[in-house]
Ligand code: ADP
Ligand code: FDM
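Written out as structure tokens, the structure reads:
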């Protein structure tokens, strides 16, 4: 373990609407960073394997109905139950590449009509990402990528609302990427920025002040 966060890993987050290329880019970045010999792990939220994650999985697959606020709190609890492991990894020098996090929580719940301020509160004080790659794609272009799946939220009009809310949430840690670019062009851009942030983070404290 390193003292005072010295030589910690970076917390790199991917956010974006469905089909925007988050999983493709997160996986490619993971392979790239690993090939350079840096300790790195790939994470994804919701983490469907935990007890709370199983309930979330049923909700997303539409085999369980839950009140909007209840599911919002479960998504948040699913992050909190992972946070100590995430922190331990980062402080041990491992870079975490995370596919979706609290911004997804805000965008999807607010798109259903819940107040943003109410939605933010349960995630207040979570580990703060060092950089957020937002793969931006219109819902029309997303629909062209093989159509939407069967899970809850996978339809064009809802994704349109989600995108608008996402874009209202951006802060200086966000890098908005045009997801219409080629997979390799995006990967090059993301790879360069990630190496810079990995170096920078070695000297910076890990923050726990989300929202
Ligand atoms: P997400 O994780 O954001 O839902 P995926 O990475 O699963 O998105 O990508 C959704 C679909 O779009 C996949 O079929 C993937 O191969 C394709 N795709 C990803 N990135 C691009 C890109 N830059 N250009 C064209 N198609 C892409
Ligand atoms: N989602 C994800 C939320 O509504 N809130 C959250 O906090 C998180 C992390 O779950 F529709 C939604 C977003 C998406 C679904 O799908 C997860 P993927 O395909 O596993 O990312």
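In UniProt numbering, the protein residues as written are 4 to 214.
Heads up, the beta-carbon is just placed ideally off N, CA and C, and yes, glycines get one too.
Original post:
For residue 5, which of helix, strand or coil comes out of DSSP?
Top reply: Counting from one through the chain shown, the residue named residue 5 turns up at place 2. Its pLDDT being 46, under 50, residue 5 is placed unreliably by the model, and the measurement read from it follows with that caveat. Coil.
Original post:
With distances taken between CB atoms, is the gap from residue 81 to residue 132 smaller than 9 Å?
Top reply: Along the chain shown, read from residue 1 onward, the residue named residue 81 stands at position 78. Along the chain shown, read from residue 1 onward, the residue named residue 132 stands at position 129. Contact flag unset, no.
Original post:
How long is the line joining the alpha carbons of residue 36 and residue 163, rounded to whole angstroms?
Top reply: Against the chain shown, residue 36 aligns to sequence position 33. Against the chain shown, residue 163 aligns to sequence position 160. Approximately 33 Å, taken between the alpha carbons.
**OP:** Could you pull out every residue in the same chain whose Cβ sits closer than 7 Å to the Cβ of residue 53, ignoring the five residues on either side in sequence?
**Re:** As a position in the chain shown, residue 53 is number 50, starting the count at 1. Contacts found: 81, 84.
Original post:
Between the stretch 86-96 and the stretch 175-194, do at least 3 Cβ pairs fall closer than 8 Å?
Top reply: Contact between the stretch 86-96 and the stretch 175-194 is absent, because fewer than three Cβ pairs lie under 8 Å.
**OP:** Please confirm if the stretch 141-151 is in contact with the stretch 18-25, defined as three or more CB-CB distances below 8 Å between the two stretches.
**Re:** Because the criterion of three Cβ pairs below 8 Å is met, the stretch 141-151 and the stretch 18-25 touch.
Original post:
Closer than 8 Å: is that where the CB of residue 189 sits relative to any heavy atom of the ligand ADP?
Top reply: Walking along the chain shown from the start, residue 189 turns up at place 186. Judged by the Cβ position, residue 189 qualifies as a neighbour of the ligand ADP at the 8 Å threshold, a heavy atom of the ligand being closer than this.
Original post:
From what residue to what residue does the alpha helix (DSSP H) around residue 191 run?
Top reply: Position 188 of the chain shown, counting from 1, holds the residue named residue 191. It spans 186-204 - the alpha helix (DSSP H) in which residue 191 sits, taken as one unbroken run.
**OP:** Express the C-alpha separation of residue 9 and residue 166 in angstroms, rounding to a whole number.
**Re:** As a working mapping, residue 166 is identified with position 163 in the chain shown. As a working mapping, residue 9 is identified with position 6 in the chain shown. Cα to Cα, residue 166 sits roughly 36 Å from residue 9.
Original post:
Residues in its own chain within less than 6 Å of residue 13 by CB, not counting five upstream and five downstream?
Top reply: The residue labelled residue 13 in the question sits at position 10 within the chain shown. The residues 98, 133, 200, 201, 204, in chain order, have a CB closer than 6 Å to that of residue 13 in the same chain once the five nearest residues on each side in sequence are set aside.
Original post:
Under 8 Å from any heavy atom of the ligand FDM, does the C-beta of residue 47 make it?
Top reply: Translated into positions along the chain shown, residue 47 becomes position 44. Under cutoff, so the answer is yes.
Subject >> Rounded straight-line distance, which links the Cα of residue 183 to that of residue 195 >> reply: In the chain shown, residue 195 corresponds to position 192, counting from 1. In the chain shown, residue 183 corresponds to position 180, counting from 1. Cα to Cα, the separation comes out at about 19 Å.
Original post:
Cβ atoms of residue 39 and residue 198: under 9 Å apart, would you say?
Top reply: In the chain shown, residue 198 corresponds to position 195, counting from 1. In the chain shown, residue 39 corresponds to position 36, counting from 1. Yes, the Cβ-Cβ distance between residue 198 and residue 39 is below 9 Å.
**OP:** Report yes if the CB atom of residue 74 is closer than 9 Å to the CB atom of residue 112, and no otherwise.
**Re:** Position 71 of the chain shown holds residue 74. Position 109 of the chain shown holds residue 112. Their beta carbons are under 9 Å apart, which means residue 74 touches residue 112 by this criterion.
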